[in-house]
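Visitor: Chains as they are written, first to last, in the UniProt record's numbering: chain A, 1 to 657; chain B, 1 to 319.
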Amino acid sequence: MTATVTPAPPRRASAPDTAPGALRAFVCHRGRLIGAGTVAALVLGSLLLGGGSWPASLAVDLSGPLDRTSDWIIDNRDGHPLFLHFLGHVSNAVVISVRAVYLVLLALGWAGVTAAAGLVAWRVAGVRPALTSVAAFAACGLLGMWVPTLQTLALMLVAVAASVLLGGLLGLAAGLSDRMNRILRPVLDTMQVLPAFAYLLPVVLVFGIGVPAAVLATVVYAAPPMARLTALGLRGADAGVMEAVASLGATGGQRLLTARLPLARKELLLGVNQSIMMALGMAVIASVIGAGGLGDRVYQALAAVDVGAALAAGVPIVLLAVVLDRVTTAAGERVGAAPAHRAGLRWAVALGVTAVVAVAGRLSGRLSWPDGWTADIAPPINGAVDWMTAHLYSGVPLVGGTADWAARFTAWVLDPLRGGLQWLPWWVVLLTVGALALLIGSWRTAATAVLAMAAIGVLGVWDPALDTLSQVMAAVAVTLVLGVALGVAAARSTRLGRVLRPVLDVFQTMPQFVYLIPVVALFGVGRAPAVAAAVVYALPAVVRITAQGVRAVDPAALESSRSLGATGRQQLFQVQLPLARPALLLAVNQGVVLVLAVVVIGGLVGGGALGYDAVLGLAQGDLATGLVAGAAIVCLGLTLDRVTQPTERRDLAGKGA
Amino acid sequence: MPRTRLAALAAAVALTALTGCGAADMTSQSSPYADAKDSRTVTLSVQSWVGAQANVAVARYLLEHELGYRVDTVQIDEVPAWDALSQGRVDAILEDWGHPDQERRYIDEKGTITRGGDLGVTGHIGWFVPTYFAEKHPDVTEWKNLNKYADEFRTAESGGKGQLLDGSPSYVTNDKALVDNLDLDYQVVFAGSEAAQITQIEQFAKEEKPFLSYWYKPQWLFEKVPMTEVRLPAYEEGCDAEPEKVACAYPHTPLQKFLNARFADGGGDAAAFLKKFRWTTDMQNDVALMIAEEKLSPEEAAGRWVKGNEATWRAWLPS
């Protein structure tokens, strides 16, 4: 669960600011209309519908059919033709490919793999990424994680290749055909908010525990961004160029291969980059269903309550993510540049050096990372965590300990919020959702939001969903306060920005399982640590988007305000922040989506509600509980996304994608 | 564009043709990470708690060092582990706390799993309070007096009632029914994972705060945080038959081993060894403590135990 979405670069001048007077009047007018409509509906509703939670008569119990489905799969898994003749082959193909990649990596030996990583990075991205790659792989070895790293790498390579292929094909279809685009858009939108935990269960049920299930779950998770960005790139092709190519008499296939795809290279590479990040985000979650590798080490360390060991296995994941991100990003920036002098020769050199290093490694009999060259970082880390939790947990003079904060946060924020939401009559909730979505979006987004919210009621999980909603709202509020403050600070001070960047990188890619224990040690079991985990996860994206938005403010506007004698404060509040409004709105939306993505993780530290149900479903093999909770999280995600998604971004997506 | 649709169709047909001929049995698949050399491999399921890790660590050590097998381990929750065992993804579960539904389905009906005998360890689930608290208030160990102390066990999460801390969703629990049926002024708070529950208990213990928790024996945490069991109404055969009406304590369960049926017949020395593997609660605890408290790797811990207990494990080896 890394960066779920590619944030669209914040655009300058937002629509409302530059809208002509008539439009603006309509906007105000529309707001008033919605307000009046809401009040009328409130009065009518209270007279006709009364109060109370979602009525039981409107809920559907799915446990019967879901249990029967699950039983059918278990009974027919070993004999039904669908499994023998189709799914079995899929599963075998995955095992064979992962095994092939793993054997190649093993045969290269540690020196060969490290050299290959460095040289490939050098060829596609440059010298600095190459050095980073070599250092990262060496660090994985130093941490004593060489073999698990290779296992994870083999699984990742296969999963990413499959995701890029599948996502690319879907994106191609959506990019070329309007009908496909209309069909795929809502599916991809839904995938974006689907929590990974929710579909581990069906995948395991069909494929059983192990690598095939893990790879397929990863592909389901990592393919959508590729599809989305491919479609975006193909649809965004310059009309002038396409016209010119067509007038030269190129056939459809030629147009695609010589013009459309090359023009979309940047988006395609960004798609690959996003797929890789998503796939790595799944590495640890997939270990719950037997993926092995680094994720499994993190998961086992968690069981032994050993933060240090979890970190030792988590750091290689972060390193892999950072390296792959830097390399693919640098490669993306190079796209379009003239090919280097004698590129073929340099590739040959890279290949040759790799071969020589690999053979040398093999001859010297050091295929596996030498045991003596490892550093055990677990004890000092555990010491530091123990010290921190012992001294911060309670009894800190003046401010009180973290446990006291957590208790107060629960009593003063979470409890009233949950109580309030659950006290509201169900139709008022729907009405509020609809009105908010209308205010910020269009009729269509409002309809989606209301329907998704109603679906939660129909699924029969209204109360737990509102419990989750209250936690999400609290987490988003905290994330925004912290994130915007940090983002503004980072934008105004280059030095702080530079210090912050690697920290944010680490928090965004660090598997959440690693910080579950520290979070509980600081805040106790309950909803407060769940909120804390969500904040840690969502904060980097919010800081980044805010900083980017504030930085992108037109320098001329800033300059003129300065020449008018505005103080730093005035500049910030009256020029920078208002002009960065689109970026701030995007930050809200991203914050919501990301916080929701870790609701299930919250279930592991006492957050209860839907997150706990999703975990329970997986742990007990209970499709009825797990799938319903997962579906409800998706519906909640759709609702919140629509309620916070500004219209202009949708317009952009509508035109572009 | 009809051309693209045609191409997509062709691709789909090709894919089906490619994969569609011949049957592929998912149950006879091995892990892609299995050893490259042609060696005999055994796959064991490790559950998330440390006691189970101790069983697997010792079994693994002996299989590798004494019998020359290669051992893979897979970490899975209890119920999915049954599923994996039936499919042959794992060869054995060494510690099971009783899953009657799964036993009926896989052993009696499908015949894909066979029993592997007692592990030798007796498991017991119960409600526990820290011993430092029980010493000050001896009557807290009777369930009838629990309501008197509800205030002391209150937390931010328990909403004005006392908190009964429960753990991972994969564990067997009747606690909600127990609280209702015994009319206790308590709220069950689910920690969601054992790691979270242990961390919370350790934090409480550091400050000598009172708490009431669902917990189980044998467990290494008792060595670190001494806890005393609260006596619930005595367990009688069948008193926990209906989940909603349970009002009695948890039973003492002799923990069981289970083997994949195919492996049990054709697994040679490894299967014979795993069937004979049988130790005691104390032995398991020793190894578990080394893993969880001294932070030894499971392999080191197993190695240390094996060195000191040769008489015990010699008997497990097939003659």
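We put the CB at the ideal spot given by N, CA and C, even for glycine.
1. Any contact of the stretch 230-246 of chain A with the stretch 168-183 of chain A, i.e. 3+ C-beta pairs under 8 Å?
2. For residue 38/B, would you say it is in contact with chain A, using Cβ-to-Cβ distances shorter than 8 Å as the test?
3. Check whether the stretch 631-647 of chain A touches the stretch 192-199 of chain A, taking contact to mean three or more Cβ pairs, one atom from each stretch, closer than 8 Å.
4. Any Cβ of chain A within less than 8 Å of the Cβ of residue 199/B?
5. For chain B, check one thing: does any of its Cβ atoms lie closer than 8 Å to the Cβ of residue 527/A?
6. Let me know the secondary structure DSSP gives residue 188/B once reduced to three states.
7. Which chain B residues are close to residue 516/A, counting only those with a beta carbon under 8 Å from its beta carbon?
8. Measure the alpha-carbon distance for residue 165/A versus residue 242/A and round it to whole angstroms.
9. I need the boundaries of the alpha helix (DSSP H) containing residue 614/A, first residue and last residue.
10. For residue 113/B, write down the residues that DSSP places opposite it in a beta bridge.
11. Using the three-state DSSP reduction, which class does residue 92/B fall into: helix, strand or coil?
12. Is residue 293/B helix, strand or coil when you go by DSSP?
13. What residues of chain A sit near residue 76/B, judged by a beta carbon separation below 7 Å?
14. Where does residue 318/B sit, in a helix, a strand or coil, going by DSSP?
15. Since residue 125/A contacts residue 330/A with CB under 8 Å, what's their CB separation in whole angstroms?
16. For residue 127/B and residue 390/A, what's the separation of their Cα atoms in angstroms?
17. Between which two residues does the alpha helix (DSSP H) containing residue 334/A stretch?
18. Starting from the beta carbon of residue 211/B, find every residue of chain A whose beta carbon is closer than 9 Å, and list them in chain order.
19. Which same chain residues end up closer than 7 Å to residue 310/A when comparing Cβ atoms and leaving out the 5 residues on each side of it in sequence?
20. Across the stretch 315-324 of chain A and the stretch 248-267 of chain A, are there enough close Cβ pairs to call them in contact, namely three or more that are closer than 8 Å?
21. Which residues of the stretch 285-302 of chain B have a Cβ closer than 7 Å to any Cβ of chain A? Give them in chain order.
22. List, in chain order, every chain B residue whose beta-carbon is nearer than 9 Å to that of residue 166/A.
23. Would you mind working out which of 510/A, 368/A, 92/A, 215/A sits nearest residue 152/A, comparing C-alpha positions?
24. By how many angstroms is the C-alpha of residue 151/B removed from the C-alpha of residue 160/B?
25. Go through the stretch 209-234 of chain A residue by residue and report every complete run of the beta strand (DSSP E) that reaches 3 residues or more, in order.
26. Write down every uninterrupted run of the beta strand (DSSP E) in the stretch 67-127 of chain A whose length is 3 residues or greater and which is fully enclosed by it, in chain order.
27. Please confirm if residue 594/A has its CB atom under 8 Å from at least one CB of chain B.
28. Out of curiosity, what's the CA-to-CA distance linking residue 39/A and residue 435/A?
29. Since residue 257/B and residue 117/B are thought to touch, with beta carbons under 8 Å apart, how far apart are those beta carbons, to the nearest angstrom?
30. Return the CA-CA distance between residue 65/B and residue 108/A, expressed in angstroms with no decimal places.
31. Which residues bound the alpha helix (DSSP H) around residue 284/A?
32. Indicate whether residue 530/A and residue 591/A have their beta-carbon atoms separated by less than 8 Å.
33. According to DSSP, simplified to helix, strand and coil, what is residue 197/A?
34. Please return the same chain residues whose Cβ sits closer than 6 Å to the Cβ of residue 587/A, not counting the five positions on each side in sequence.
35. Output, in sequence order along the chain, the residues in the stretch 386-411 of chain A whose CB is closer than 9 Å to any CB in chain B.
36. Does DSSP put residue 299/B in a helix, in a strand, or in coil?
Guide: Let me spell this out:
1. yes
2. For residue 38/B, the predicted model reports a pLDDT of 49, less than 50, meaning its position is unreliable and no value from the coordinates is stated.
3. yes
4. yes
5. yes
6. strand
7. 193, 195, 196
8. 25 Å
9. 609-620
10. 260/B
11. strand
12. coil
13. 209, 290
14. coil
15. 4 Å
16. 26 Å
17. 307-334
18. The contacting residues do not exist; residue 211/B stays about 10 Å from chain A at best.
19. 298, 301, 302, 513, 514
20. no
21. 291, 292, 295
22. Ordered by position in chain B, no residue passes the 9 Å Cβ test against residue 166/A, which lies about 11 Å from the chain.
23. 215/A
24. 8 Å
25. none
26. none
27. no
28. 10 Å
29. 6 Å
30. 28 Å
31. 265-285
32. no
33. helix
34. 542, 545, 546
35. 389, 390, 393, 394, 395, 403, 406, 407, 408, 409, 410, 411
36. helix
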